[in-house]
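Peer 1:
In structure tokens form, the structure reads like this:
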């Protein structure tokens, strides 16, 4: 798409770049997630969108692959460079493969494909946000101008895609919290379980925000939890809620 | 939290339930994703939220585990039942383990944790949507009332969490497409690359929607793509865009 | 070692047998665990033991492989048989490979190798117990006499090995709970944390046994936990313990 | 590329087809193996070949994906169909994902990429042979004409690629057993170690063939092995060879 | 539980600490192994034990997570620190995730869960021994006092758990080598197969110990192995045993 | 087999050596690939070959394991050495395990086993070529003479095996491109799809070679592809071919 240029190869940075080639938030993950969703999609218009962006990500895979290859090439015969990524040096002779920076092989477990269009679009929005922040961090670790140019371009396109997926989701006209066909149980759906008593060992108070107060929320304190009406038995429960994590978190809160 | 009841154990359904115990969209994945994000979180209020919901998901893990165990128990000594999930029967003696329905071991590759709060919240919204649709599908495959009650409760809570994460994200007050610190390149960010010419072999027309027209979008047709200004070279490119996927998709479009 | 005989091939049972060929408790896992431990071992006598048993397990791998192959062979061309294990049928043409019954590839993550001899021996004792119970369960799922004979032999040898590893551990003369060089902190090491209050919603009482009463145990009730002397701060803690799991477990206890 | 047609959807066969979508010998594996090799390749002509075939395999991925999707679609709401592949039914709503027939996620561990062109070409020839036999076996398990037509086309192309890779390798003009720069040690390279004495418990005789007799081979019987000149010590070794496998194999040879 | 304190963050040590967060012998592995066993357990008393310790390990997961986070935090923006763990730096922004020190994602393949209580307890004893030695080694690699305090506490608790599991096993009153219901074959169970002749090339003699002499053992020399009565055929076998490993081990014994 | 000698232990090189112990092209992969193929093999002569070489590779596993152990041993207590491979240092106490240089656990996904003899032999030839180049690269990264001697021996044997497998394949007398029973479709099998138009943005011309011209090849230019006769519909297709990769590759071609 444009000429990739590397002014100063840097093996250790090349190792980092593998994240966007064969890593969890990388271009293959993006290309496959959207393309596979596209194959499953029955909505012809959004299928076109999924295929368009899937195709673009596939071309990005090649761009990042070429860029990474340039940084890793010196590994082939130099012991010192090889230590930056022995897997690439010994197995690949300095060539890229679909690993991440830790040498873990790419896996389809990275993908989120549900066959439910609006759910998939939400997953894609999140995926693009992850890809954007990953590119940004990579840019923080290099000063090579040719590399920065390429990463800036790729990073920009992730925002483009994030926007497109968001608009495609909105245009479906579904209410924000309506997923699938089965409605949630009224009442229970509006209860926020405060799974901590707010009297942790360091005296921290529970946080309040729009996610648990106002707007129809019923803030269910732990003790009240005992009276939660079970949808199963039709009886009030009398136990206490699970409340360990808050305490452990408080306890483990470091002072560094 | 409430009494799990199974009226009629069903090994093959128990195998399906493993998806929510040790599967990609299941309760361990949810519990770990939110708790680990919570450990990394520097915002004390939303950290509290992440810990609250992480804790609740952990209790759900136990509910779904007990429910699944009840369905799988008959596997232990009956060859016919054992065929529903040989891994559970032979290795587990009819007991659950952190596998999905295909016997794949749970892996942290399922998690999306970036250490960037708003990005993580977007990932959590998508994760809750996936969990919701997974519970709905499981409900489509059973008629056992006790099981349906438990699944309805768990499904409802996913919507609750989805709502909480959405409100927590909104309350951060960040613009919708602003991720991290580095801005995208103006101009390029508003270009929608129509990676297909719209004259596929079956005559389908390209789809138009709010994701590529109006609102500041510049729809870049493939030919125009040749004139894209490269952020790298500062020169206009003269090539043609990558356009394979659309064609292949069109070609492969089945008639079934 | 002896002639493997199969009277009636049974593809679905062959699929189950894969657990002992390429599964977590199977013969390759045993052979590799002991052999790798042997390579690392500096004690020449127990190294000999590890190599002897590692070698025997390797011959068992071949026995179980041949036995499994006999059961799976009919898969090659018969659609109905192939459904018993499509991976074996399509990829292997009815031949075995190092998969378990769920088609998961064997992984060295199954191995427990620490390079600390007494720790490794404990791991081996446990591994042999697992292999034994796995063989027993397989025997519960077949009536083929030739197969039963082979499995009985292999199962017997696991007990032999369990015994040998136990005696090798005992002959090292180390106290039962002394691992490595660093001693545990006195006092704390004898505290049993009763991470539940014993007043669960269904009224179950906490269990008492030699693992938390008598013999030097200090049973630390949850409230008392607040006064645990921290080895870090030298101060008494004032929080409450983590106590969620017990409640959740109680709550989720089914009635089926 | 051509219209995929399915006359009679068949979920269990769709499950098998996943081998060529997300399996070890499937189209993604082929597309990625050749494309990644192409990125690493410094020979412009064979790089073009790798990219051409990598591109074609990518279009095949879409063909097989669409075909598989058609077979799996009925899974969505029917319990009986869902049992054919619960992972696809529950997680994918009947949509494909990059799994194999056993539900294992696609992994880059399937790829063989060395960055040494002639070595990679040998790997590709073998990969095409595997893909061919996989398609043939799938054809043995279906009678659906539309499906057979598609599989016949895809199978044919694997032979085309096998031929192209073979000719590309031959045109490099390298001797058959010359790999890399370092020559093997003369003498030792021509020794065939007969790691069994030929007097197994069932009296089988060792096999002789062009792989161990004639043509410069020195057949080193196990006893002679003791006199092998070590390249390390410069001394003759006096031990006996490793000879276990042959015996075990013989012993385990079944009578079924 | 107590305040975690880090005096001097150390990214490379933080990378090592990940072993106890998301590694094979780490706290998630322990928490999940015991909790899942607890869900499967039909013995109410030992189920309580499994749940108590599972809960405690879960709180340890949080302690180790917070500790590790403190050590890794400087990675976020510093290239030099980021090289200590590029995966954490680029994907996590310096935040922890469920990886081990090599960046491999946590997998349930680490767990040993059989659904047979005494077998599971043996596995837990071994698991605690492994966790103890892992903590000890970590302590060997840091001099940070706050970190050492936390690790000493966590290490101590592993010994506590090892003791509890041992006593729980003993209190079941089962004979040491009785697993499951099916007895081993008498005679064969007491034979120790000396899978090497004791005349290796370096003249080492076979080791003797309580694991192969005295106490009912029949030491079966390799030649005698030929006369082993097969449980399958009822005939004496006439082959020689597999004896390769011992020789290879002897041969490969280094002089360093 | 011969005495392994290490003059100067080198932890970082020991880490690299793990590739041949527990890596994708290593000795366990070779040993298992050939042995498992041997178990499945119905041709008694080539089964003997597979078992002979499988056995030899198993002895090589031990040689490389001992060699690697010698290099890694200093890791146990030295922080600086431990940083060369924290997984080995912390989990293994300086002992080897079946990991590759990136700490990924060995997986049977590395194996290529099809149960079709000539296909397997092709895979083995390629596997030996990979093992050879891997040994060569390792030799490029060390100057330790004892280590070099061992690697030279092991490398030499890979060529021996490559030759043996090649001759075994040739002696089967099958035509070069005949795999299985189903013949490819005439005509289509001889078409080389030039999936790029040869007028890339940088003006590169398409490569021609024996793999797409002469010898019966029909070079199908992209436009002509539109007229490819579909084996499915019997109709001429009118679309354009997939041609993206070539362009993307050209575009991404770096200048470094």
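Residue numbers (this note's numbering), protein chains in the order written: chain W, 25 to 280; chain R, 25 to 280; chain A, 25 to 280; chain L, 25 to 280; chain F, 25 to 280; chain H, 25 to 280.
Glycine included, C-beta positions come from ideal geometry on N, C-alpha and C.
For clarity, every value in this text was computed on a predicted model and none was experimentally measured.
#1: Assess, as a yes-or-no matter, whether the region 139-149 of chain A is touched by the region 75-88 of chain R under the definition of 3 or more beta carbon pairs within less than 8 Å.
#2: How about the region 177-186 of chain H and the region 146-155 of chain H: do they share at least three Cβ pairs that are nearer than 8 Å?
#3: Distance cutoff 9 Å, beta carbons only. Does residue 77 of chain H sit that close to anything in chain A?
#4: Going along chain F in order, which residues have a C-beta closer than 7 Å to the C-beta of residue 45 of chain W?
#5: Taking the alpha carbon of residue 162 of chain W as the point to measure from, which residue in F:166, F:114, F:245 has its own alpha carbon closest?
#6: In chain order, what residues of the same chain lie with their CB nearer than 6 Å to the CB of residue 88 of chain L, ignoring the 5 residues before and after it?
#7: Strictly under 9 Å for the Cβ-Cβ distance: is residue 138 of chain W near chain F by that measure?
#8: Are there three or more Cβ pairs, one per stretch, closer than 8 Å when the region 112-131 of chain R is compared with the region 104-118 of chain W?
#9: According to DSSP, what are the bridge partners of residue 129 of chain L?
#10: Against chain A, which members of the region 164-193 of chain L pass a CB distance test of less than 7 Å?
#11: What do you get for residue 38 of chain F, buried or exposed, if any count of 16 or more other CB atoms within 10 angstroms of its CB means buried?
#12: In the DSSP assignment, find the beta strand (DSSP E) that holds residue 69 of chain F and state where it starts and stops.
#13: Report the three-state DSSP secondary structure of residue 213 of chain A (helix, strand or coil).
#14: With DSSP as the reference, label residue 224 of chain L as helix, strand or coil.
#15: Compute the distance between the beta-carbons of residue 34 of chain L and residue 166 of chain L, then report whether it is under 9 Å.
#16: For residue 143 of chain R, which three-state DSSP category applies?
#17: Roughly how many angstroms lie between the CA atoms of residue 149 of chain W and residue 121 of chain W, to the nearest whole one?
#18: Identify the residues that DSSP records as bridge partners of residue 28 of chain F: which are they?
#19: Using three-state DSSP, classify residue 137 of chain H as helix, strand or coil.
#20: Do residue 204 of chain F and residue 125 of chain W have their C-beta atoms closer together than 9 Å?
#21: Could you list the residues in the region 61-72 of chain A with a C-beta less than 7 Å from some C-beta on chain H, going in chain order?
#22: Mind checking which residues open and close the alpha helix (DSSP H) that includes residue 242 of chain W?
#23: In the structure shown, what three-state DSSP assignment does residue 218 of chain F receive?
#24: If you measure from the beta carbon of residue 126 of chain W to each beta carbon in chain L, is any gap under 9 Å?
#25: Within the 9 Å Cβ cut-off, does residue 123 of chain L reach chain R?
#26: For residue 39 of chain A, which residues in chain L fall below 9 Å Cβ to Cβ?
#27: Can residue 29 of chain A and residue 174 of chain A be called in contact, C-beta distance under 9 Å?
#28: In this structure, how does DSSP classify residue 249 of chain R when only helix, strand and coil are distinguished?
#29: In whole angstroms, give me the CA-to-CA distance for residue 92 of chain R and residue 98 of chain W.
#30: May I have the straight-line CA-CA distance separating residue 170 of chain L from residue 176 of chain L, to the nearest angstrom?
#31: Can you find a CB in chain R that lies within less than 9 Å of the CB of residue 111 of chain L?
#32: At a CB-CB cut-off below 7 Å, which residues of chain F make contact with residue 114 of chain H?
#33: Nearest to residue 179 of chain R by alpha carbon, out of R:85, R:210, R:209, R:65?
#34: Could you pull out every residue in the same chain whose Cβ sits closer than 6 Å to the Cβ of residue 57 of chain A, ignoring the five residues on either side in sequence?
#35: Along the region 191-220 of chain H, where does the CB come closer than 8 Å to a CB of chain L? Name the residues.
#36: Which residue wins for smallest C-alpha separation from residue 243 of chain W, given the options W:233, W:218, W:234?
Peer 2: Working from what's here:
#1: no
#2: yes
#3: Against the sixth chain, residue 77 of chain H aligns to sequence position 53. No, residue 77 of chain H lies away from the interface with chain A (no Cβ there is under 9 Å from its Cβ).
#4: For the purposes of this step, residue 45 of chain W is identified with residue 21 of the first chain, where counting begins at 1. What residue 45 of chain W touches in chain F: nothing, since even the nearest Cβ is about 12 Å away.
#5: Translated into positions along the first chain, residue 162 of chain W becomes position 138. Nearest option by C-alpha distance: F:114.
#6: Numbered from its first residue, the fourth chain carries residue 88 of chain L at position 64. Cβ neighbours of residue 88 of chain L beyond the five flanking positions: 44, 45, 51.
#7: The sequence position of residue 138 of chain W within the first chain is 114, counting from 1. By this cut-off, residue 138 of chain W is not an interface position.
#8: no
#9: Stepping through the fourth chain from its first residue, residue 129 of chain L is reached at position 105. The partner list for residue 129 of chain L (beta bridge, DSSP) reads L:123.
#10: 164, 165
#11: Within the fifth chain, numbered from 1, the residue matching residue 38 of chain F stands at position 14. Buried, because 16 or more other Cβ atoms sit within 10 Å of the Cβ of residue 38 of chain F.
#12: What you label residue 69 of chain F is simply residue 45 of the fifth chain in a count that begins at 1. Looking at the DSSP string, residue 69 of chain F is not in any beta strand (DSSP E); the run it does join, the alpha helix (DSSP H), is 68-96.
#13: Taking the third chain and counting its residues from 1, one reaches residue 213 of chain A at position 189. Here residue 213 of chain A carries a helix assignment [DSSP, helix/strand/coil].
#14: Indexing the fourth chain from 1 puts residue 224 of chain L at position 200. For residue 224 of chain L, the pLDDT reaches just 37, beneath the cut-off of 50, and the residue's location in the model is therefore unreliable, leaving the point undetermined.
#15: As a working note, residue 34 of chain L is residue 10 in the fourth chain. As a working note, residue 166 of chain L is residue 142 in the fourth chain. Their beta carbons are under 9 Å apart, which means residue 34 of chain L touches residue 166 of chain L by this criterion.
#16: For this step, residue 143 of chain R is matched to residue 119 along the second chain. It is helical.
#17: Taking the first chain and counting its residues from 1, the one referred to as residue 149 of chain W is at position 125. Taking the first chain and counting its residues from 1, the one referred to as residue 121 of chain W is at position 97. Using only the alpha carbons, I get a separation of about 27 Å.
#18: As a working mapping, residue 28 of chain F is identified with position 4 in the fifth chain. Paired residues: none, contrary to the question.
#19: Numbered from its first residue, the sixth chain carries residue 137 of chain H at position 113. Three-state result, residue 137 of chain H: coil.
#20: Mapped onto the fifth chain, residue 204 of chain F falls at position 180. Mapped onto the first chain, residue 125 of chain W falls at position 101. The Cβ atoms of residue 204 of chain F and residue 125 of chain W do not sit closer than 9 Å to each other.
#21: 63, 64
#22: Sequence index remark: in the first chain, residue 242 of chain W carries index 218 (1-based). Unbroken run through residue 242 of chain W is the beta strand (DSSP E), 242-244; no alpha helix (DSSP H).
#23: Within the fifth chain, the letter at position 194 stands for residue 218 of chain F. It is a strand residue.
#24: To locate residue 126 of chain W, count along the first chain from 1; it is residue 102. So no, residue 126 of chain W is outside the interface.
#25: Sequence index remark: in the fourth chain, residue 123 of chain L carries index 99 (1-based). Interface residue, yes.
#26: As a first step, residue 39 of chain A is located in the third chain; it is residue number 15 there, counting from the start. Going along chain L, no residue has its Cβ under 9 Å from residue 39 of chain A, so there is no contact; the nearest lies around 10 Å.
#27: Numbered from 1 along the third chain, position 5 holds the residue referred to as residue 29 of chain A. Numbered from 1 along the third chain, position 150 holds the residue referred to as residue 174 of chain A. Taking 9 Å as the Cβ cut-off, residue 29 of chain A and residue 174 of chain A qualify as a contacting pair.
#28: By one-based count along the second chain, residue 249 of chain R stands at place 225. Confidence at residue 249 of chain R is low in this model, with a pLDDT of 37, below 50, so its placement is unreliable and the value that follows should be read with caution. In the structure shown, residue 249 of chain R sits in a helix (DSSP, three-state: H, G or I).
#29: By 1-based counting over the second chain, the position of residue 92 of chain R is 68. By 1-based counting over the first chain, the position of residue 98 of chain W is 74. Looking at the two C-alpha atoms, the distance is approximately 53 Å.
#30: Counted from its first residue, the fourth chain places residue 170 of chain L at position 146. Counted from its first residue, the fourth chain places residue 176 of chain L at position 152. So the alpha carbons of these two residues sit roughly 10 Å apart.
#31: As a position in the fourth chain, residue 111 of chain L is number 87, starting the count at 1. Closer than 9 Å to the CB of residue 111 of chain L there is at least one CB belonging to chain R.
#32: The residue labelled residue 114 of chain H in the question sits at position 90 within the sixth chain. Correct list: 40, 43, 125, 158, 161, 162.
#33: The residue labelled residue 179 of chain R in the question sits at position 155 within the second chain. Ranking R:85, R:210, R:209, R:65 by Cα distance to residue 179 of chain R puts R:85 first.
#34: Position 33 of the third chain, counting from 1, holds the residue named residue 57 of chain A. Only 135 meet the Cβ criterion.
#35: 191, 192, 194, 195, 200, 201, 203, 204, 205, 206, 208, 209, 212, 213, 214, 215, 216, 217, 218, 219, 220
#36: Locating residue 243 of chain W in the first chain gives position 219, where the first residue counts as 1. Comparing Cα-Cα distances from residue 243 of chain W to each of W:233, W:218, W:234, the minimum goes to W:218.
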